[in-house]
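In my numbering, the protein residues as written are 61 to 308.
See below for the structure under consideration.
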Amino acid sequence: MPSPDSRADRRANRILDALPTADRDRITRSTVHVTLPIKTVLFEPGELIRTVHFPVHGVISLVTPLDDGAIVEVATVGNEGIVGVPLVAGGSLAVRAISQVAGTSLRMEAGDFLRELERDGPFRDLVLHYLQALFGQISQAAACNRLHTNEERLSRWLLMSHDRVGVDEFAITHEFLGQMLGSRRATVTLSAGILQAAGLISYHRGHVAILDREGLEGVACECYAVIKRQLDRVVAPPPETDGHPVTA
Numbered sequence: 061m062p063s064p065d066s067r068a069d070r071r072a073n074r075i076l077d078a079l080p081t082a083d084r085d086r087i088t089r090s091t092v093h094v095t096l097p098i099k100t101v102l103f104e105p106g107e108l109i110r111t112v113h114f115p116v117h118g119v120i121s122l123v124t125p126l127d128d129g130a131i132v133e134v135a136t137v138g139n140e141g142i143v144g145v146p147l148v149a150g151g152s153l154a155v156r157a158i159s160q161v162a163g164t165s166l167r168m169e170a171g172d173f174l175r176e177l178e179r180d181g182p183f184r185d186l187v188l189h190y191l192q193a194l195f196g197q198i199s200q201a202a203a204c205n206r207l208h209t210n211e212e213r214l215s216r217w218l219l220m221s222h223d224r225v226g227v228d229e230f231a232i233t234h235e236f237l238g239q240m241l242g243s244r245r246a247t248v249t250l251s252a253g254i255l256q257a258a259g260l261i262s263y264h265r266g267h268v269a270i271l272d273r274e275g276l277e278g279v280a281c282e283c284y285a286v287i288k289r290q291l292d293r294v295v296a297p298p299p300e301t302d303g304h305p306v307t308a
C-alpha cells in the first residue's frame, strides 16, 4: 500500500489538480510515483517517447544539445506541466529532457497517455492549452537569451525554479547553471556573485538559497512574469458563474 506521502504527491501536479475529480483519479491510477535525481535524462532528441512525466517536485529542463557538447535550454517544466507529450504513437521530440533540480514525478506510459487524449474531454483540453503555453515559453526564452543580461536571465531562472520546488534552498552547480543559461562557468560565477552581494541569494557549494524574492523579481527581466502568466492561465480554475455569464 502506498504511503500517505505518496498518495498526497499523486495530487500535487497542477495539471492533474485542475481536472474534475473523476478524471484526475482515473488518470492517476495509470501513473507510478518515481524519484528523479539531478541530471536524470528522461529522453534524448529523436528517441521514441515511451513515458510521460507529470512533475511533482523539482525542475526538468528541455535542452538542445550541440555538436561541440554544449547544450542550450529552451524551456523548463515543473509541477505546472507535463514532460514528453507524444502527439502520435511512436513519436519523438527534438530536445533532451533532463532533471536539473532533483525531485519526483508521476510517470505514465505513452500509450495510456494517448488513450486519455482520445477521450476528447477536460484532460485533452488542458494538454492542448498547456502545449500552447509551453511553445510560448520557448519563444520567450529565445528572445530572453538574445536580449537580456546574465543577471536578468539568472534571476528569471532562479525565480522559476523557486516556484517549482516550493522551498527557499535547492541544489544546483555552477557548471549546470552555465549549461542551462548558455554561459561560461566564470560568467555564471560573476552573475551569482552580483546577486549574492546584493543580498538576494546565497550560493555555496552547489546550493542556492533565495533570500529576497521581491528583490530578485526586481532584477529579473519581464520574461519571468510573461512566462508565469501564460502557465498559470492554463491551470487557473474557471470563474464561478452559477450558470450565468460573468459580467464586468
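We put the beta carbon where it would ideally sit given N, CA and C, even for glycine.
Because the structure is a prediction, the values reported are computed rather than measured.
Around the beta carbon of Q192, fewer than 16 other beta carbons sit within 10 angstroms, so the residue counts as exposed. Non-local C-beta neighbours of T111 in its own chain, meaning closer than 7 Å and more than five positions away in sequence, comprise G144, R167, M168, E169, A170, ordered along the chain. If the five residues before and after F173 are omitted, its C-beta is found closer than 6 Å to the C-beta atoms of V112, all from its own chain and listed in chain order. Three or more pairs of CB atoms, one per stretch, sit closer than 8 Å, so the region 154-165 contacts the region 222-242. For the beta strand (DSSP E) assignment, the uninterrupted runs of no fewer than 3 residues enclosed by the region 238-306 are, from N- to C-terminal side, 261-264, 267-270.
The C-beta separation of V268 from L218 comes to about 7 Å, placing the pair in contact by the 8 Å criterion.
DSSP, read as helix, strand or coil, puts S165 in strand. Ranking H93, A72, T136 by CA distance to the CA of S199 puts T136 first.
The C-beta distance from I109 to Y190 rounds to 16 Å, too long to fall under 8 Å, and the pair is not in contact.
In the structure shown, R89 adopts coil according to DSSP, grouped into three states.
With a beta-carbon spacing of about 18 Å, V155 and V187 fall beyond the 8 Å limit used to define contacts. Looking at the DSSP output, V94 bridges to S165. G253 and I87 have their C-alpha atoms spaced approximately 44 Å apart. Per the coordinates, the alpha-carbon of D127 lies some 28 Å from the alpha-carbon of G118. Nearest to R89 by alpha-carbon distance, out of T100, E176, E212, is E176. Judged by DSSP secondary structure, P125 falls within the beta strand (DSSP E) whose first and last residues are 111-125.
Burial check for V101: the Cβ neighbour count within 10 Å stays below 16, so the residue is exposed. Boundaries of the alpha helix (DSSP H) harbouring V225: 210-225, taken from the DSSP string. Between the C-alpha atoms of G266 and E178 there is a straight-line separation of about 43 Å.
Counting along the chain, the unbroken beta strand (DSSP E) around A135 starts and ends at 131-137.
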